[in-house]
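All remarks here apply to the structure that follows.
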Amino acid sequence: MAPSHVLVALDGSPLADDALAHALETFDCRVTVLNVVTPLDASMSEGGVLEPGEDRREAARERAKRLVDRARDRAAEVDRSVETVVETGDPAETILATADDRGVDQIVMGGHGGDRSGIGRRLLGTVATTVVGEAPVTVTVVR
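441 is the number that this note's numbering gives the last residue of the sequence shown; the numbers go up by one with no jumps.
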């Protein structure tokens with residue numbers, strides 16, 4: 299069954315850009331683009347190493363705005379429109395919560411490999427692995 303509302307998680311990586319392109323090409327339905335700003339005091343952010351400051355918080359918010367604006371522009375290039383959302387929090391938890399809050403029935407995201415323990419994490423990345431494992435809807439991971 300074709301989805302009626304797709305959530306695309308963007309993090310600024312080339313694979314996330316590929317995920318957006320895949321969603322726009324594949325699904326003829328409502329598309330919401332999400333960027334999650336990781337709190338600067340979280341271990342996944344540079345805030346785990348550097349002192350958080352308002353300048354860096356503002357820079358993170360501006361980067362998120364640029365990412366979703368760029369996604370809106372890319373959609374317009376193929377005569378599509380997207381809704382955009384910027385949230386702050388743990389990336390996997392926020393993706394799952396946004397999908398639930400907005401009635402999404404498909405999630406599309408890039409997968410990131412790397413030097414991590416466990417075969418799933420090496421193949422997909424920690425955020426994608428968590429989303430795939432916990433989402434109550436279909437998840438497409440673009441590699």
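Using N, Cα and C, we set each Cβ at its ideal position, and we do this for glycine too. Quantities reported herein were computed from a predicted structural model and do not represent experimental measurements.
Cα-Cα separation between residue i and residue j, rounded to whole angstroms
{"i": "residue 371", "j": "residue 316", "result": "15 angstroms"}
{"i": "residue 382", "j": "residue 303", "result": "13 angstroms"}
{"i": "residue 430", "j": "residue 437", "result": "6 angstroms"}
{"i": "residue 373", "j": "residue 365", "result": "12 angstroms"}
{"i": "residue 325", "j": "residue 300", "result": "8 angstroms"}
{"i": "residue 359", "j": "residue 387", "result": "12 angstroms"}
{"i": "residue 405", "j": "residue 362", "result": "19 angstroms"}
{"i": "residue 314", "j": "residue 308", "result": "5 angstroms"}
Residue environment, residue i, which counts as buried when at least 16 other CB atoms sit within 10 Å
{"i": "residue 357", "result": "exposed"}
{"i": "residue 409", "result": "buried"}
{"i": "residue 407", "result": "buried"}
{"i": "residue 389", "result": "buried"}
{"i": "residue 312", "result": "exposed"}
{"i": "residue 351", "result": "exposed"}
{"i": "residue 401", "result": "exposed"}
{"i": "residue 334", "result": "buried"}
{"i": "residue 306", "result": "buried"}
Residues sharing a beta bridge with residue i, DSSP
{"i": "residue 405", "result": "305, 437"}
{"i": "residue 428", "result": "None, per the DSSP bridge assignment."}
{"i": "residue 330", "result": "305, 381"}
{"i": "residue 335", "result": "386"}
Unbroken alpha helix (DSSP H) run spanning residue i, endpoints
{"i": "residue 300", "result": "No alpha helix (DSSP H) contains residue 300, which DSSP labels as neither H nor E."}
{"i": "residue 364", "result": "352 to 375"}
{"i": "residue 320", "result": "312 to 324"}
Segment contact, 8 angstroms Cβ cut-off, at least three pairs: the region 327 to 337 with the region 372 to 392: yes
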